[in-house]
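Numbering follows numbering that gives the first Met the number 0, with no gaps: position 35 of the sequence shown is 34.
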Amino acid sequence: MEPTDKEKILKAGKIASETKKYAKAIAKKGVPLLEIAEKIEAKIEELGGKPAFPVNLSINDIAAHYTPAHDDKTLANGLLKVDLGVHVDGWIADTAFSLDLENNEENKRLILSSESALQIASKTIKFGIKNNEIGKRVEEAISSGEISPIINLSGHGIDKYELHSGITIPNIDNGQEIPLKEGLYAIEPFTTNGAGKVYDGKDSGIYEMVSERNIRSQGAREVLDFIIKEYSTLPFCSRWLHKKLGAKSLLVLKQLEANGNLHQFALLMEAGHGKVAQAENTFLVTNKEVIVTSE
Ligand code: MN
Ligand code: MN
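Here is the structure:
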């Protein structure tokens with residue numbers, strides 16, 4: 000990591016932090032998710048960053064990966080998770096918070112539990128600590144009464160233009176014992192009153208480029224080239240392409256997915272259809288210090 004990389008990491012974090020404040024102010028009950036998503040993404044650009052992925056606005060038992068389509072009519076309600084990412088030249092800040100939009104005690108407990116687990120993890124993370132030690136603390140912080148962590152969702156290492164690098168920061172003691180090196184990490188406790196697991200639901204409209212392999216159609220090739228130039232290996236969504244290239248690009252996305260150029264993410268659904276809360280921050284870990292970049 001170069002000194003200029005650190006500046007970019009901190010800048011992305013600062014923009015994420017500012018955007019989070021803004022998002023909290025505009026994400027109100029009854030506001031269209033489409034409007035919230037577009038305003039958040041516009042704010043990131045206004046502050047000098049780029050979205051590292053489409054804003055996720057997942058409600059109730061949708062744990063993650065819901066981003067509005069270009070014609071989405073859903074209004075904000077229930078237990079809303081706002082997960083946003085910023086990058087500056089590929090250096091990412093990934094952060095999330097949850098809102099109770101129906102004045103519900105259970106929602107509030109779930110949110111508080113995810114936030115306090117993140118707090119405890121923030122105090123635990125340091126250079127050399129084993130990843131499962133953090134998971135153990137998160138699990139202990141969450142598990143009480145009917146609230147449990149979601150065991151198959153986890154935090155992750157982050158690298159340049161790589162939202163999920165190899166290492167996992169689990170929300171349970173997964174027994175891995177991998178010591179943390181210097182680098183960037185996201186910690187994201189998910190809490191639920193459901194089964195404590197997620198499964199893959201419907202298509203999300205969020206994609207990631209996985210192969211530049213040849214595609215016969217000239218039109219599809221041009222769209223793929225656009226994706227590579229604009230988003231590199233970071234996630235993007237059908238809504239973005241619809242805005243930049245028009246309605247025809249929606250069909251091309253299907254072609255590119257079928258040809259193996261794109262991977263489409265599924266919605267992540269809570270297995271017992273419990274409600275889900277999430278809190279997330281990004282941490283820069285060196286052998287001297289830990290900086291919460293997105294706080
Ligand atoms: Mn996130
Ligand atoms: Mn994350």
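Cβ atoms here follow ideal geometry from the backbone N, Cα and C, with glycine treated the same way.
Helix, strand or coil at residue i according to DSSP, with G and I counted as helix
{"i": "residue 241", "result": "helix"}
{"i": "residue 18", "result": "helix"}
{"i": "residue 12", "result": "helix"}
{"i": "residue 175", "result": "coil"}
{"i": "residue 80", "result": "strand"}
{"i": "residue 232", "result": "coil"}
{"i": "residue 106", "result": "helix"}
{"i": "residue 225", "result": "helix"}
{"i": "residue 202", "result": "strand"}
{"i": "residue 97", "result": "strand"}
{"i": "residue 161", "result": "strand"}
{"i": "residue 2", "result": "helix"}
{"i": "residue 147", "result": "strand"}
{"i": "residue 214", "result": "coil"}
{"i": "residue 112", "result": "helix"}
{"i": "residue 292", "result": "coil"}
{"i": "residue 156", "result": "strand"}
{"i": "residue 7", "result": "helix"}
{"i": "residue 182", "result": "strand"}
Cβ distance (whole Å) where residue i is taken to contact residue j below 8 angstroms
{"i": "residue 75", "j": "residue 115", "result": "About 24 angstroms separates the two Cβ atoms, so there is no contact after all."}
{"i": "residue 92", "j": "residue 24", "result": "At roughly 19 angstroms, the Cβ-Cβ gap does not stay under 8 angstroms, so residue 92 and residue 24 are not in contact."}
{"i": "residue 238", "j": "residue 31", "result": "Contact doesn't hold; Cβ gap of about 13 angstroms is too wide."}
{"i": "residue 281", "j": "residue 12", "result": "6 angstroms"}
{"i": "residue 173", "j": "residue 149", "result": "Not a contact, Cβ separation roughly 13 angstroms."}
{"i": "residue 216", "j": "residue 254", "result": "7 angstroms"}
{"i": "residue 270", "j": "residue 112", "result": "With 8 angstroms as the limit, residue 270 and residue 112 do not qualify as a contact, their Cβ atoms being about 18 angstroms apart."}
Separation of residue j from residue i, as counted between CA atoms
{"i": "residue 49", "j": "residue 85", "result": "6 angstroms"}
{"i": "residue 241", "j": "residue 122", "result": "42 angstroms"}
{"i": "residue 8", "j": "residue 17", "result": "14 angstroms"}
{"i": "residue 22", "j": "residue 250", "result": "31 angstroms"}
{"i": "residue 223", "j": "residue 106", "result": "41 angstroms"}
{"i": "residue 147", "j": "residue 225", "result": "42 angstroms"}
{"i": "residue 45", "j": "residue 118", "result": "29 angstroms"}
{"i": "residue 194", "j": "residue 52", "result": "28 angstroms"}
{"i": "residue 279", "j": "residue 292", "result": "11 angstroms"}
{"i": "residue 20", "j": "residue 247", "result": "36 angstroms"}
Sequence-distant residues of its chain with Cβ nearer than 6 angstroms to residue i (five each side left out)
{"i": "residue 127", "result": "178"}
{"i": "residue 201", "result": "266"}
{"i": "residue 231", "result": "160"}
{"i": "residue 87", "result": "7, 10, 11, 48"}
{"i": "residue 33", "result": "67, 71"}
Pick from the options that is closest to residue i, judged by C-alpha positions
{"i": "residue 168", "options": "69, 291, 131, 59", "result": "131"}
{"i": "residue 58", "options": "164, 172, 100, 34", "result": "100"}
{"i": "residue 233", "options": "45, 54, 273, 41", "result": "54"}
{"i": "residue 62", "options": "113, 215, 118, 80", "result": "80"}
{"i": "residue 78", "options": "190, 235, 207", "result": "190"}
{"i": "residue 94", "options": "87, 102, 104, 83", "result": "83"}
{"i": "residue 157", "options": "150, 87, 166, 151", "result": "166"}
{"i": "residue 143", "options": "41, 29, 133, 108", "result": "108"}
{"i": "residue 261", "options": "214, 208, 153, 152", "result": "208"}
{"i": "residue 184", "options": "214, 113, 125, 10", "result": "125"}
{"i": "residue 274", "options": "182, 197, 37", "result": "197"}
{"i": "residue 1", "options": "182, 138, 289", "result": "182"}
{"i": "residue 187", "options": "43, 97, 287", "result": "97"}
{"i": "residue 176", "options": "133, 212, 129, 112", "result": "129"}
{"i": "residue 235", "options": "135, 69, 26", "result": "69"}
{"i": "residue 212", "options": "259, 288, 151", "result": "259"}
Other residues of its chain near residue i: CB distance less than 8 angstroms, five sequence neighbours each side excluded
{"i": "residue 64", "result": "55, 57, 203, 205, 264, 265, 266, 267"}
{"i": "residue 4", "result": "90, 159"}
{"i": "residue 28", "result": "74, 75, 76, 100, 101"}
{"i": "residue 163", "result": "155, 156, 157"}
Close Cβ partners of residue i (< 7 angstroms) along its chain, the five nearest in sequence each way excluded
{"i": "residue 192", "result": "105, 109, 145, 146, 273, 274"}
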